[in-house]
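One structure is given here, and the rest of the page talks about it.
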Amino acid sequence: MENYLDTVPTLDLSKFTNGDKQSMSQFSQELGESFNLTGFAIIKNHGLSNEITDQLYSIIKDFFDLPEEKKIKYYFPHLFGQRGYVIKGQEHAKGSSKGDLKEFFHIGNPAISNPENIWPVEISSFESIGTKGFLTLEKIGLTLLEAIAIYLDLDQNYFDEKVKGGESIMRSIHYYPLESNDVTDGAVRAAAHGDINLITLLMGASADGLEILTKEKKWIPIKSESDQLVINVGDMLERLTNKKLMSTIHRVVNPSDEKLNTSRYSIPFFMHPKPEMDLSCLENCIDEINKKGFDDITAGQFLEERLKEIGLKK
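Per our numbering, residue 443 is the first one in the sequence shown, and the count goes up by one each step.
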């Protein structure tokens, strides 16, 4: 089957970071148009090296290979899945009661001390590599938000102080090998959902399985190249822009029977603002045709609601 990403232009982020004002404006327009057309964008020359990517996948594989009794030491339910390990099947999609067939590990903003990050002592390089990966992806995300601000006719630095020092999360996911009895009652690796945050940065996964829902309501498989980042809009940005930029619905389907007993690894970076950020619809995204579609809410309030809806908070 054709890779849907082949039909979407790949945007060169260096034209924004190293270009003149006209190049920055052009990149911003192309980014916004890509979001409007497909719900996501593909980025190259973004600054995340293959070396860092390989190191990140190496340490997360080492962690998920640990015995269950060692991994569980890093599971702290009172943190609501915002730091450390989250056990198999705890998280589920909004509106679903079936736990996803995955386990994951969260690294949060190193600038935040409450809660502090949790580092597995069994893997000596986990903290240094995890921190480097987080800071690199955060920098890329801030740059993309500058481009989005320009596209929305906002000040280029509109998001800076709202996001720097915010609640961003780097999630390392292990979709573990499955037995046939794991997939009864429609259980899948990740049920259809939109991300909570502003934007998500996704590096190439270790295996196929990711599908996105197009505007034509068709599920299309996608897989990025190792030197690409796939960027999608989250629910917070959809609210802020009054659906001018729509959150991308996606899922991770179970592998074919012959590949059922194989692992899949993925590392998305969820760009979150500070809890106090106002997500009220932007005035320039409201008009006679596009009426205000959402109640006023802060990012912290919205995150609280969604953590309860997906099973991470009671």
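Ideal placement from N, C-alpha and C gives every residue a C-beta, glycine not left out.
Residue i, enclosing beta strand (DSSP E) - first and last residue
{"i": "residue 610", "result": "Counting along the chain, residue 610 falls outside any beta strand (DSSP E), and DSSP gives it neither H nor E."}
{"i": "residue 708", "result": "706-708"}
{"i": "residue 490", "result": "Careful: residue 490 lies outside any beta strand (DSSP E) and carries neither H nor E."}
{"i": "residue 677", "result": "Taken as a continuous stretch (DSSP letters only), residue 677 belongs to no beta strand (DSSP E), being part of the alpha helix (DSSP H) at 677-682."}
{"i": "residue 452", "result": "452-454"}
Cβ separation of residue i and residue j, assumed to be a contact under 8 Å, to the nearest whole Å
{"i": "residue 740", "j": "residue 721", "result": "6 Å"}
{"i": "residue 709", "j": "residue 613", "result": "7 Å"}
{"i": "residue 714", "j": "residue 640", "result": "7 Å"}
{"i": "residue 545", "j": "residue 565", "result": "Their Cβ separation, rounded to whole angstroms, is 16 Å, which puts residue 545 and residue 565 out of contact at 8 Å."}
{"i": "residue 470", "j": "residue 592", "result": "4 Å"}
{"i": "residue 672", "j": "residue 502", "result": "Not quite, the Cβ-Cβ distance comes to about 18 Å (not below 8 Å), so this is no contact."}
{"i": "residue 611", "j": "residue 531", "result": "About 19 Å; that fails the 8 Å criterion."}
{"i": "residue 744", "j": "residue 643", "result": "Wrong, their Cβ atoms sit about 20 Å apart, outside the cutoff."}
{"i": "residue 542", "j": "residue 631", "result": "6 Å"}
{"i": "residue 455", "j": "residue 578", "result": "The pair is not a contact, with the Cβ atoms about 13 Å apart (cut-off 8 Å)."}
{"i": "residue 702", "j": "residue 533", "result": "Incorrect: roughly 21 Å between the Cβ atoms, too far for contact."}
{"i": "residue 540", "j": "residue 629", "result": "5 Å"}
Option nearest residue i by Cα separation, candidates the options
{"i": "residue 601", "options": "746, 580, 666 and 572", "result": "580"}
{"i": "residue 619", "options": "595, 507, 587 and 578", "result": "507"}
{"i": "residue 732", "options": "696, 703 and 686", "result": "686"}
{"i": "residue 555", "options": "521, 661 and 630", "result": "521"}
{"i": "residue 726", "options": "683, 578, 468 and 566", "result": "683"}
{"i": "residue 558", "options": "566, 548 and 606", "result": "548"}
{"i": "residue 615", "options": "483, 652 and 485", "result": "652"}
{"i": "residue 494", "options": "657, 699, 576 and 638", "result": "576"}
{"i": "residue 475", "options": "456, 452 and 553", "result": "452"}
{"i": "residue 633", "options": "509, 610, 608 and 661", "result": "661"}
{"i": "residue 458", "options": "482, 481, 746 and 489", "result": "489"}
{"i": "residue 482", "options": "590, 603 and 571", "result": "590"}
{"i": "residue 563", "options": "541, 665, 688 and 513", "result": "513"}
{"i": "residue 553", "options": "605, 518, 596 and 465", "result": "605"}
{"i": "residue 655", "options": "642, 689, 630 and 681", "result": "689"}
{"i": "residue 538", "options": "636, 657, 621 and 700", "result": "636"}
{"i": "residue 718", "options": "700, 738, 734 and 703", "result": "738"}
{"i": "residue 665", "options": "695, 599 and 736", "result": "695"}
{"i": "residue 678", "options": "670, 630 and 747", "result": "747"}
{"i": "residue 700", "options": "630, 584, 669 and 621", "result": "621"}
{"i": "residue 450", "options": "480, 599, 468 and 467", "result": "480"}
{"i": "residue 609", "options": "750, 464, 468 and 716", "result": "716"}
{"i": "residue 670", "options": "650, 645 and 749", "result": "645"}
{"i": "residue 569", "options": "498, 595 and 599", "result": "498"}
{"i": "residue 571", "options": "487, 657, 681 and 500", "result": "500"}
{"i": "residue 517", "options": "473, 730, 509 and 526", "result": "526"}
{"i": "residue 650", "options": "472, 464, 705 and 467", "result": "705"}
{"i": "residue 595", "options": "574, 467, 462 and 730", "result": "467"}
{"i": "residue 657", "options": "464, 477, 460 and 492", "result": "477"}
Beta bridge counterpart(s) of residue i as assigned by DSSP
{"i": "residue 693", "result": "653"}
{"i": "residue 713", "result": "641"}
{"i": "residue 526", "result": "548"}
{"i": "residue 663", "result": "653"}
{"i": "residue 635", "result": "692"}
{"i": "residue 483", "result": "673"}
{"i": "residue 617", "result": "706"}
{"i": "residue 720", "result": "740"}
Proximity test, Cβ basis, 8 Å: residue i and chain D
{"i": "residue 681", "result": "You won't find chain D in this structure, because it holds only one protein chain."}
Where the alpha helix (DSSP H) through residue i begins and ends
{"i": "residue 742", "result": "741-751"}
{"i": "residue 512", "result": "510-513"}
Contact test: residue i Cβ vs the ligand COA heavy atom, cutoff 7 Å
{"i": "residue 497", "result": "In the structure on display, the ligand COA does not appear, and there are no ligands present to speak of."}
Runs of beta strand (DSSP E) lying entirely within the region 531-579, each at least 3 residues, in chain order
545-550
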